[in-house]
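So the structure is just underneath, and the comments pick up after that.
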Amino acid sequence: MDTNQVANSLLMHRGAEADLYLSKVGPWKAVLKKRVEKKYRQKDLDAWIRRERTLKEASMLGEARKAGVRTPSVLKLDPEEFSFTMALIPGKLARDNLDTMKPRAREGLFEDLGHQVGQLHHRGIVHGDLTTSNLIISEENIAYMIDFGLANYSLEAEDRAVDLHLLKRSIVTSHNFGTEKCFKALSKGYTASLGEREAVSVYKKASEIARRGRYFAIR
48 MDTNQVANSL LMHRGAEADL YLSKVGPWKA VLKKRVEKKY RQKDLDAWIR RERTLKEASM
108 LGEARKAGVR TPSVLKLDPE EFSFTMALIP GKLARDNLDT MKPRAREGLF EDLGHQVGQL
168 HHRGIVHGDL TTSNLIISEE NIAYMIDFGL ANYSLEAEDR AVDLHLLKRS IVTSHNFGTE
228 KCFKALSKGY TASLGEREAV SVYKKASEIA RRGRYFAIR
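The working numbering puts the sequence shown at residues 48 to 266.
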């Protein structure tokens, strides 16, 4: 079934770990994510890794949605074909959209995004690759998290801080708008979801990570 679905689908993106195809489930547009074979790995090991990562990512998407985080819903799962199918979110990647947004709308988006990251962390999940390339801004200017391939369960402040650090770094290095008000809005939403005590410990770790990064860059 999955092989036929791929054959009848349009390739959207070819990634290092997986390919994305524009597909359909019944009358609804969808996205099929299929993990690709790695020739350098032993065949049985490669199949096991791809199967487990497919199962884990689909599970993480479901757990994130239970936590109130906006993600594409999983419509079909086929671990034996190393693939799952998600609902299509009409919109643009945040990396292609943030610079053209009006400042007030962008600040509102960041506060809402902070809420979502806080909800994710409160559930005990860290995204692992939270950048503006892994956020979709819908046609209603609402942020959706995508690509949970590196997501994990963790309550450690360091792991949570990595999510915030990666997001902020991707904004600073890839976008041209003023970040101060947006980062304040992000922190406001994050603190509201996670609670002040836990959020402060994450902010401290994020500052440490940023300092370590500057230290190694200078060296």
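Every residue, glycine too, gets a C-beta built ideally from N, C-alpha and C.
Just so we're clear, the structure is a prediction, and the values are computed from it rather than from any experiment.
At least three beta-carbon pairs within less than 8 Å, the stretch 101-118 to the stretch 129-137 | Segments in contact, yes.
Ordered along the chain, which non-local residues of its own chain (more than five positions away) have a Cβ less than 6 Å from that of isoleucine 256?
-> The residues are Ala208 and His212.
When you compare only the Cα positions, how much space is there between glycine 242 and alanine 190?
-> Straight-line measurement puts the Cα of alanine 190 at about 21 Å from the Cα of glycine 242.
Would you say the stretch 59-67 touches the stretch 154-168, given that touching needs at least three Cβ pairs under 8 Å?
-> In short, these stretches do not touch, since the Cβ pair count stays below three.
Go ahead and label glutamine 89 buried or exposed: buried means 16 or more other beta carbons lie within 10 angstroms of its beta carbon, across all protein chains shown.
-> With fewer than 16 other Cβ atoms within 10 Å, it is exposed.
Which full runs of the beta strand (DSSP E) of 3+ residues lie inside the stretch 68-139, going along the chain?
-> Listed in chain order, they are 75-82, 121-125 and 130-134.
Considering serine 185, what are the terminal residues of the beta strand (DSSP E) in which it resides?
-> For serine 185, the enclosing beta strand (DSSP E) stretches over residues 182-185.
DSSP bridge partner residues for asparagine 199 (one or two, in chain order) = In the DSSP assignment, the residues bridged to asparagine 199 are Val173.
Are three or more beta carbon pairs between the stretch 113-128 and the stretch 160-168 nearer than 8 Å?
-> These segments touch.
Which residue comes first and which comes last in the beta strand (DSSP E) that contains histidine 60?
-> It spans 57-61 - the beta strand (DSSP E) in which histidine 60 sits, taken as one unbroken run.
Can you tell me which of Arg142, Arg82 and Asp210 puts its alpha carbon nearest to the alpha carbon of asparagine 223?
-> When only C-alpha atoms are compared, the closest one is Arg142.
Sequence-distant residues of its chain with Cβ nearer than 6 Å to asparagine 144 (five each side left out) | Apart from sequence neighbours up to five positions away, the residues of its chain that approach asparagine 144 with a beta-carbon distance below 6 Å are Ile184, ordered along the chain.
Go to alanine 208, then tell me how far its alpha helix (DSSP H) extends in each direction, as first and last residue.
-> Start and end: 204-221.
Rounded C-beta distance between alanine 232 and glycine 161? I'm assuming under 8 Å.
-> Contact between alanine 232 and glycine 161 holds, since their C-beta atoms are separated by about 7 Å, short of 8 Å.
Buried or exposed (CB count within 10 angstroms, at least 16 for buried), leucine 214 = Buried, because 16 or more other Cβ atoms sit within 10 Å of the Cβ of leucine 214.
DSSP-derived helix/strand/coil call for isoleucine 265 | Any answer about isoleucine 265 is weak, because its pLDDT of 33 lies below 50 and its placement is not dependable; what the coordinates show is given next. The three-state reading of DSSP puts isoleucine 265 in helix, counting H, G and I together.
Work out the CA separation of proline 126 and histidine 174 for me, nearest whole Å.
-> Approximately 21 Å, taken between the alpha carbons.
For histidine 60, which residues from the same chain have a beta carbon less than 8 Å from its beta carbon, with the 5 sequence-adjacent residues on both sides left out?
-> Excluding positions up to five away in sequence, the list reads Asp66 and Leu67.
Could you check where the beta strand (DSSP E) with alanine 190 kicks off and where it finishes?
-> If you look at alanine 190, you'll find it in the beta strand (DSSP E) that goes 190-192.
Give me the Cα-Cα distance between leucine 182 and glutamate 203, rounded to the nearest whole angstrom.
-> Per the coordinates, the alpha-carbon of leucine 182 lies some 23 Å from the alpha-carbon of glutamate 203.
Verify whether the separation of the beta carbon atoms of leucine 124 and phenylalanine 195 is less than 9 Å.
-> No. Outside cutoff.
Since valine 78 contacts leucine 69 with CB under 8 Å, what's their CB separation in whole angstroms?
-> Taking C-beta atoms under 8 Å as the contact rule, valine 78 and leucine 69 qualify, at a distance of about 7 Å.
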